[in-house]
Structure formats: C-alpha cells, structure tokens
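Our numbering numbers the first residue of the sequence shown as 24 and each following residue consecutively.
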Amino acid sequence: MSEKRPQIDPSWLAVLNEEFTKPYMVELREFLVQEKQQHVVYPPGSEIFNAFNYTPLDDVKVVILGQDPYHGPGQAHGLCFSVKQGVRPPPSLVNIFKEIRDELGLPIPNHGELTHWAKQGVLLLNTVLTVRARQAGSHQKQGWEHFTDRVIEVLNAQKEGLVFVLWGAKAGAKRAMIDPNRHRILSSPHPSPFSVHRGFFGNGHFKAINDHLSEQGQAPIDWNLPGEDVA
C-alpha cells in the first residue's frame, strides 16, 4: 500500500504554493524518493506537514522552533518535540514538561502528544522536516531549510505580535529573520539533557508566552495536556 499524500492547510498553501515548484524543492523531492528506496525515513510522508495542518496560518500565535524530527521508530509525526500517544516522551520533551511544572504548577503529562498545543495556535515547526532513521541531522542541507526559512519570513511579515521561541543555537540562528519590533522573541539553551542546566530550566518562557498573549488581548495557551492514558 502506498503512503497517503501529505496534506497542508489551504491557508498555508496560499502563501507557500510557489515553493513547491522551485528548483530546491524539486531536488529535495528527488532526494527523498532516493532515501526511501534505501532507508527508513521519519515521519511518514502523510505527516511531514502536520504542523501546517494542526495550526493554520490565521491561527498562529506562538512559534516554537525545533531542529530536525526525532529519529527513533514511531516518534516523529510532524510536530517538533511531540510524539504520538503510546510513545515514551524523549528526554528533551520530559525537560520541557518539567519546566512547565516548575513555572505553572501543572502536572507532568502521561504522554507526549502536543496536538493540544498546536490546535491552540502554537506552530511546532522543525527547521528540517524529515530524517533518516537513527541518524540525527541526516537530512540537513538538502533543501528543507529554504522552505522553513520562507515560513518564518511569511510569519514575520504577515503577522503581528507573535511569540517566537528559540531554544538552542540552531533555532537562535533564525533570530535575524524576525523583526523584534513586531514580535516577541524568547531564547534560551536547548532542553536537551546536554544543555538543559545551562539556562533552559528556569527560563520562564511558558509564563512569558501567556503574559504576552494576555497583553495582546488573546487567550493564553493551556499548556496542560488532556490526560489520556498511555497504552
């Protein structure tokens, strides 16, 4: 059975459609076809653009920028830092939950699926949208960065008062693309176990996001995840 075709919300397609015909995207598509002939690639093709389906352009309030997808079996599903129900949350996500607990007093969830955040306007965007199984960073510099840079350009130009959340050096490199007079930028070390104690813990970002949204007259994000049991 062939994979389902990837889907992207019409609001995003209206501003990104031209990207899919550019030479870099044609080359990226050819690269992915070859990769899938020789390797397992995550996430499944139908889930690559999930961030753009769960969070239409008009609904975006917060942008959390990740790197590339998780590269373990069953983990990646198109939202940065998120894993599906029944998949053990990776260490970076556990550290995110710990920071939310310490800032806001919320319990650590029993699963790691962040679609509840995405549906409230949190765009969970990786800078690279695919990866070879068990090889972190294996699809970097193949074209995805051009695509996601364009996404950031669109958000910067067409929206007002967004919160851009940049964790780690790779996300922080995107700061120059964001107008600080139009948007709020929050940055800190990455929640990875290798850097979390260098300033991620205690960064206050989740409270700061909601304070900013309230000041803008928008509903704050409910960071508490629905408590479905993990099978």
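Ideal placement from N, C-alpha and C gives every residue a C-beta, glycine not left out. The structure displayed is predicted, hence computed values, not measured ones.
Exercise for the section: Check the C-beta distance from Gln108 over to Tyr65 and give it rounded, since I have them as a contact under 8 Å. Expected result: 17 Å between Cβ atoms; not a contact.
Handout entry: Candidates Ser237, Gln181, Val174, Leu152: closest to Asn40 by CA position
Key = Val174
Problem - Alpha-carbon to alpha-carbon, Val219 and Leu285 - result: Any question about residue 285 goes unanswered here, given that the chain covers just 24 to 254.
Problem - Cβ-Cβ distance between Pro212 and Arg221 below 8 Å - result: yes
Handout entry: For Ala192, the nearest candidate out of Asp202, Glu176, Thr150, Val186 (CA to CA)
Key = Closest by alpha carbon: Thr150.
Practice task
Check Asn149 in the structure and name its three-state DSSP category.
Solution key: strand
Exercise for the section: Quick one: measure Cβ to Cβ for Leu123 and Asn76, integer angstroms, because I've assumed they're closer than 8 Å. Expected result: Before going on, a small fix: residue 123 reads as Ile here, not Leu. Actually they are not in contact, since the Cβ atoms of Ile123 and Asn76 sit about 24 Å apart, beyond 8 Å.
Exercise for the section: Look up Ser161 in the DSSP assignment and say whether it is helix, strand or coil. Expected result: Three-state result, Ser161: coil.
Practice task
Give the secondary structure of Ile208 by DSSP, where H, G and I count as helix, E and B as strand, and everything else as coil.
Solution key: In this structure, Ile208 counts as strand in the three-state DSSP scheme.
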